[in-house]
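Numbering that gives the first Met the number 0 applies: residue 0 is where the sequence shown begins, and numbers increase by one.
Just below is one structure, and these are the notes that go with it.
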Amino acid sequence: MAEKKKKIVKTIKVDADKCNGCRACEMICSAFHAEPKYSSNNPERSRIRVNRDPLHDIYVPVYAGDYTPAECAGRDKYVIDGKEYDECAFCRASCPSRDLFKEPDSGLPLKCDMCEGEDEPLCVKWCTVDALVVEEREEEVEEEEAPDEMELGLESLANKYGLSKIRETLDRLSISKKG
Ligand code: SF4
Ligand code: SF4
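Structure follows, in structure tokens:
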């Protein structure tokens with residue numbers, strides 16, 4: 000059995016009431032994750048997206064969580080303070096039922112990495128109204144290695160095309176590289 004360890008877990012606390020829909024968070028997140036870094040700022044590549052409905056005063060920033068291979072069965076509409084929110088408005092998953100949190104060129108799932116290598120998540124830094132704030136808490140976690148981005152990407156491709164198709168493609172690629 001995996002050993003338990005104490006670990007500081009960082010999360011982003013979202014205060015939707017403070018969000019004004021400026022989308023600076025989307026811009027900086029996509030720029031940080033562009034290849035090369037800061038070469039473009041396409042919000043489709045952002046790991047945080049703002050559900051925006053100015054006519055109804057609705058702004059809900061959501062940052063990308065885990066990829067899930069199946070659509071959920073528990074969708075619902077939410078009415079909070081008289082405002083009606085879309086059924087997927089608060090969901091952080093990259094899932095088959097929508098294009099959100101998928102790399103636009105490859106379709107691979109995107110997940111927030113808390114801006115790895117930076118002192119502070121950039122969306123938090125750029126949100127001047129403090130709708131996004133870092134929260135730290137201590138948690139007991141099992142010492143298991145989290146799947147890395149490549150593993151998640153391969154899992155998603157395997158679910159989409161099947162393992163044999165991926166093997167065939169890899170074989171073809173390695174032959175054409177050698178040849
Ligand atoms: S930067 Fe802040 S205020 Fe602007 S859209 Fe993002 S969360 Fe909302
Ligand atoms: S913490 Fe970084 S990776 Fe995560 S949503 Fe914010 S800007 Fe994007």
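Just so it is clear, CB atoms sit at the ideal spot from N, CA and C, and this is done for glycine as well.
- Beta-carbon contacts of D65 that lie in its chain and below 7 Å, excluding the five residues immediately before and after: A92, K110
- Message: Report the CB separation of R46 from F89 in whole angstroms; it is logged as a contact under 8 Å.
- Response: About 16 Å; that fails the 8 Å criterion.
- Message: Quick check: does the Cβ of R46 come within less than 7 Å of any heavy atom belonging to ligand 2?
- Response: True, at least one ligand heavy atom lies under 7 Å from that Cβ.
- Query: Expressed to the nearest angstrom, what Euclidean distance is found between the alpha-carbon atoms of A23 and E115?
  - Reply: 19 Å
- Task: Return the first residue and the last residue of the alpha helix (DSSP H) that L109 is part of.
- Result: Neither: L109 is in no alpha helix (DSSP H) and is coded neither H nor E.
- Query: E4 and V140 look like a contact to me (Cβ under 8 Å); what is the Cβ gap, rounded to whole Å?
  - Reply: The sequence shown places Lys at residue 4, rather than the Glu named in the question. About 6 Å; that satisfies the 8 Å criterion.
- Message: Quick check on P53: buried or exposed, where buried means 16 or more other Cβ atoms within 10 Å of its Cβ?
- Response: exposed
- Message: Does Y66 come out as helix, strand or coil in the three-state DSSP assignment?
- Response: The answer is strand: DSSP assigns Y66 an E or B state.
- Report the rounded CA-to-CA distance for L107 versus G152, giving the unit in angstroms. 6 Å
- Start-to-end residues for the beta strand (DSSP E) that takes in N19: N19 -> no beta strand (DSSP E), and no H or E assigned at all.
- Query: Where does S105 fall in DSSP's three states?
  - Reply: coil
- Query: Sorted by chain position, which residues of the same chain lie with C-beta nearer than 8 Å to V8's C-beta, five sequence neighbours on each side aside?
  - Reply: E135, R136, E137, E138, V140
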